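Numbering (the working numbering), first residue to last: -18 to 138. A short write-up of the structure that comes next.
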Amino acid sequence: MESSSEAENETQIQEGAIENDPNIYQTLDEQQTEALDQQTEQQQAQEIEVQDRVFFGYNAFEVSDEAKKILDVQAAWLKSDPTIKITIEGHCDERGTREYNIALGEKRANSVKKYLVANGVENKRIKIISYGKERPAFFGATDEIFNKNRRAVTVVN
């Protein structure tokens, strides 16, 4: 049977051996570094700004190159969580008849939906609706305001 002082000495020797073993610290440092790298990647993924709207030219419903960049980020975000369902709202500026703008807003929403589906988002997760000119984001009759109102907005359900 060991005395308590012999057991303490053995424990101190073992602790000293661990403290003086550079491989222990190297392993811990590698594990810590890997954990920090994973945490940083997760934070960066969460911090990606996903814009909710794209804009269209006058009387247009084709997805522009600028809009494609925004929709590519939306598609990646949507694919990262298959439980998310969205509605794409099509909007127009105040020019044109109500009927014409409802149809144009629908074409805009459909164009966005088709782009997202072509980029891997399931069709069944996306609904569309057209508000035409009924829900302007801005009021007024300048080209700048018209440009801001010709849009498709992605809304998380």
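For each residue, glycine too, the CB sits at the ideal point set by N, CA and C. Predicted model, so just to flag it, every value in this text is computed and none were measured.
Val35 sits close to Val44, with the two beta carbons spaced by under 8 Å. Secondary structure at Gly86: helix, using DSSP grouped into helix, strand and coil. Annotated as distal: Glu70 and Tyr39, with beta-carbon spacing of 8 Å or more. Using a 10 angstroms sphere on the CB of Val54, the tally of other CB atoms stays under 16, which defines it as exposed. One Cα belongs to Val134, the other to Asp33, and the distance between them is close to 6 Å. By the Cβ neighbour-count rule, Lys114 is buried, with 16 or more other Cβ atoms within 10 Å of its own. In the three-state scheme derived from DSSP, where H, G and I count as helix and E and B as strand, Glu70 is classed as strand.
Contact between Thr68 and Lys108 holds: their C-beta atoms lie close to 5 Å from each other, under 8 Å. Here Ala90 has Ile69, Glu70, Gly71, Ile109, Ile110, Ser111, Ala133 as same chain residues with Cβ atoms under 8 Å from its own Cβ, once five neighbours each way along the sequence are excluded. If you check the CB distance, Lys88 and Asn138 do not come in under 8 Å. For Val136, the closest of Ala84, Leu59, Gly101 by C-alpha to C-alpha distance is Leu59.
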